[in-house]
Amino acid sequence: MSNLFRMSRRDLLATGGRALALTAAAGIAPQFIRPGRAYAGDALAPGMIGGPTGFDGAERYQYGPDTPEGRAIEAIKEMKGAGKAPAKIVLGLSDGSIGQLTKPFPAGAPSIKELWEKETGITLDIVGVPNGQEFTKTMQDISTKGGSFDIYAVEWNRLGDLTETGGCRRLASGH
11 MSNLFRMSRR
21 DLLATGGRAL
31 ALTAAAGIAP
41 QFIRPGRAYA
51 GDALAPGMIG
61 GPTGFDGAER
71 YQYGPDTPEG
81 RAIEAIKEMK
91 GAGKAPAKIV
101 LGLSDGSIGQ
111 LTKPFPAGAP
121 SIKELWEKET
131 GITLDIVGVP
141 NGQEFTKTMQ
151 DISTKGGSFD
161 IYAVEWNRLG
171 DLTETGGCRR
181 LASGH
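When the letters of the sequence shown are read in order and numbered with the numbering used here, they come out as residues 11 to 185.
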């Protein structure tokens, strides 16, 4: 991880959170699966504070203020307003996976990247890493302290190696 971007998960959620949310980078997980009216354009369903719009059924993927996604995005907005959030997050991602974040689906929906940037004001710079070389490129970045990426996307079975080399951060602050 880059030395410029260190924050515990608890701090992230308590003060504004950082992606990944990175799980929230999506904010797209179906949280409210219910029949109902389709909300066209940029309209959110009643009680929802974010999520995709522009296609039939979009309200099923929107989130309210009391959800993990809602709390994370609101915290990021708060951090951004206080000047404590980065202007850009660099994500190292397998070349074959980039389209999952950059191509809208279904028709009329925003891409996950577009939605993240719209809701947070933080640019998501996705850097392609050749398929099969994700772990090697990540380890090179960690060992050389290159700081090329803020977030690495590698296989779960590599977490031990990443932790041992300092590529993982504990996501708790002791609360």
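For every residue, glycine included, the Cβ atom is placed at its ideal position computed from N, Cα and C. Source: prediction; values computed, not measured.
(request) Please report the residue range of the beta strand (DSSP E) in which L101 lies. (result) 98 to 104
(request) Taking F7 and V100 to be in contact with their CB atoms under 8 Å, please state how far apart those CB atoms are, rounded to whole angstroms. (result) A question about residue 7 goes unanswered here, because the residues of the chain that appear run from 11 up to 185.
(request) Would you kindly work out how many angstroms separate the C-alpha atoms of D76 and E88, rounded to a whole number? (result) 16 Å
(message) In whole angstroms, give me the CA-to-CA distance for R168 and G176.
(response) 12 Å
(message) If you reduce the DSSP assignment to three classes, tell me which class N167 lands in.
(response) helix
(message) Just to confirm my understanding: we take E129, look at its own chain, exclude 5 residues before and 5 after, and list those with CB closer than 6 Å. What are they?
(response) G60, I83
(message) Counting beta carbon pairs with one atom in the region 102 to 120 and one in the region 63 to 72, are three or more of them shorter than 8 Å?
(response) yes
(request) Return the chain-ordered list of same chain residues with a C-beta closer than 7 Å to the C-beta of A53, the five sequence neighbours on each side being excluded. (result) T63
(message) Assuming the contact rule is C-beta atoms closer than 8 Å, G109 and V139 should be a hit. Round their C-beta distance to whole Å, please.
(response) In fact, because the Cβ distance is near 14 Å, the residues do not count as touching under 8 Å.
(message) So, with DSSP's three-state summary, where would you put D76?
(response) coil
(message) Between A97 and chain C, is any beta-carbon pair separated by less than 8 Å?
(response) The structure shown contains no chain C, having only a single protein chain.
(request) Return the CA-CA distance between I136 and G57, expressed in angstroms with no decimal places. (result) 31 Å
(message) Please classify G80 as buried or exposed, where buried requires at least 16 other C-beta atoms within 10 Å of its C-beta.
(response) buried
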